[in-house]
Amino acid sequence: MAVEQKFRPGERVKVMKAYPLGHIRTPYYIRGCSSVIERICGAFPNPEELAQMRSGLPAQPLYRVRFAQSEVWPDYRGARADTIDVEIFQHWLDKAEAAG
Amino acid sequence: MSELGKYSPLTYFQLMEVSLRELLVEKGVVSDAEVDAVAADMKSRGPERGAKVVARAWTDPGFKQRLLADGTAACEELGLDVPALKLVVVENTPEVHNVIVCTLCSCYPRMLLGLPPDWYKSREYRSRVVREPRAVLAEFGTRLPDEVAIRVHDSTADMRYMVLPLRPAGTEGWSEERLAGIVTRDSMVGVALAQAI
């Protein structure tokens, strides 16, 4: 039992800028950032629900999203090609417009 | 040693672990023997498992391809059980260097590398390697030119990552066993390079 997958690899997404309480697996530093889906990892029980002793079902699609370091950290001092990959559950992602 | 005889009380989390374990045993949920067996099993696993996978990938291009496509299935070929969670193997190339972290806790490919070193679990490593990976790598003695892109992987959810290091020059014709001997834990986390010794 899984939620239908909304995004495809290569598609541009934006991580929700939300700050709910509880056991959240979306790191604080990546909230509000936009980038491209690198791969689909499958669907897994929602950890926010599991932490409340619930089933976590329907399972949420999980993606790896690859961000440019220079976009995540405005003062990043490293090569422009440097990236960071983060696993993000679908319910934390919105469709994003093409990079401006 | 000067440390001998020093009294060190349990930390909050150690005390919590002992209390929880004793309660579980008292209520018959698990036995002491079961807890000991799991702990012994975890301690018996070390980075030589990951090294075996890397050495095979260095010598068998077909295996490498399968490993990068599906880490869990490829490890099963070598008789290594990589349960439940999916393993993602990321390949270092002359253009790309990968490094692994878990900023939220300390997720680590224990099934291939054993227990994580303390620095991997430290707040310093976890907070800094995402933000200034080149500075952190330099502190490990790994200095990479700007032409090599650094790809950090934050294990935030259900995947576990292992780096497939670049096979060093000067190891041509080496046996798989000899190659496995130069694959270090740190090179599979991505803070070091594999080096011919």
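Same order as they appear, the protein sequences are chains A and B. Quick note on our numbering: the first sequence kicks off at 1 and runs consecutively. Quick note on our numbering: the second sequence kicks off at 1001 and runs consecutively. A virtual CB, placed ideally from N, CA and C, is assigned to each residue, including glycine. All values derive from a computational prediction rather than experimental measurement.
My output table needs one value for residue 3 (chain A): the three-state DSSP class, helix, strand or coil. Counting from 1 along the first sequence, the entry for residue 3 (chain A) is found at position 3. Shown here, residue 3 (chain A) sits in coil according to DSSP, grouped into three states, outside any helix or strand.
Show which residues of chain B have a CB atom less than 9 Å away from the CB atom of residue 7 (chain A). Here the question's residue 7 (chain A) lines up with position 7 in the first sequence. What residue 7 (chain A) touches in chain B: nothing, since even the nearest Cβ is about 15 Å away.
Would you say residue 1150 (chain B) faces chain A, with C-beta separation under 7 Å as the test? Residue 1150 (chain B) sits at position 150 when you count from the first residue of the second sequence. Output row for residue 1150 (chain B): interface = yes.
Leaving aside the five residues before and after residue 82 (chain A) along the sequence, list all residues of the same chain whose C-beta is less than 7 Å from its C-beta, in chain order. Looking up residue 82 (chain A) in the first sequence gives position 82. The answer, listed in chain order, is 69.
Please confirm whether residue 21 (chain A) has its beta-carbon closer than 7 Å to some beta-carbon of chain B. Here residue 21 (chain A) refers to the residue found at position 21 when the first sequence is read from its first residue. Taking Cβ atoms only, chain B never reaches closer than 7 Å to residue 21 (chain A), which makes this a no.
Under the rule that 16 or more other beta-carbon atoms within 10 Å means buried, what is residue 1159 (chain B), buried or exposed? Within the second sequence, numbered from 1, the residue matching residue 1159 (chain B) stands at position 159. Taking all protein chains shown into account, residue 1159 (chain B) has 16 or more neighbouring C-beta atoms within 10 Å of its C-beta and is therefore buried.
Which runs of the alpha helix (DSSP H) fall wholly inside the segment 1004-1067 of chain B and span at least 4 residues, in chain order? Entirely contained in the segment 1004-1067 of chain B, the alpha helix (DSSP H) runs reaching 4 residues are, in chain order, 1012-1026, 1032-1044, 1048-1059.
Distance, residue 62 (chain A) Cα to residue 1071 (chain B) Cα: For the purposes of this step, residue 1071 (chain B) is identified with residue 71 of the second sequence, where counting begins at 1. For the purposes of this step, residue 62 (chain A) is identified with residue 62 of the first sequence, where counting begins at 1. Rounded to whole angstroms, the gap between the alpha carbons of residue 1071 (chain B) and residue 62 (chain A) is 17 Å.
When you check each C-beta in the segment 1088-1118 of chain B against every C-beta of chain A, which residues fall closer than 7 Å? So the close ones are 1103, 1104.
Using a Cβ-Cβ distance under 7 Å, would residue 1191 (chain B) count as near chain A? Your numbering for residue 1191 (chain B) matches position 191 in the second sequence. Output row for residue 1191 (chain B): interface = no.
Checking contacts by CB at 7 Å: is residue 10 (chain A) closer than that to chain B? To locate residue 10 (chain A), count along the first sequence from 1; it is residue 10. Proximity of residue 10 (chain A) to chain B, defined by a Cβ-Cβ separation below 7 Å, is not satisfied.
Can you tell me which residues form a DSSP beta bridge with residue 87 (chain A)? Reading the first sequence from its first residue, position 87 is the one you call residue 87 (chain A). DSSP lists A:64 as partners of residue 87 (chain A).
Below 8 Å on the Cβ atoms is my contact criterion, and I expect residue 1196 (chain B) with residue 1170 (chain B) to pass it. Report the Cβ-Cβ distance as a whole number of Å. Counting from one through the second sequence, the residue named residue 1196 (chain B) turns up at place 196. Counting from one through the second sequence, the residue named residue 1170 (chain B) turns up at place 170. Distance from residue 1196 (chain B) to residue 1170 (chain B) at the Cβ level is roughly 4 Å; contact confirmed, criterion being Cβ atoms closer than 8 Å.
Give the secondary structure of residue 1071 (chain B) by DSSP, where H, G and I count as helix, E and B as strand, and everything else as coil. Stepping through the second sequence from its first residue, residue 1071 (chain B) is reached at position 71. Residue state, collapsed to three classes: helix.
Inter-residue spacing [alpha-carbon to alpha-carbon] between residue 1102 (chain B) and residue 1121 (chain B): Taking the first residue of the second sequence as position 1, residue 1102 (chain B) is located at position 102. Taking the first residue of the second sequence as position 1, residue 1121 (chain B) is located at position 121. Looking at the two C-alpha atoms, the distance is approximately 8 Å.
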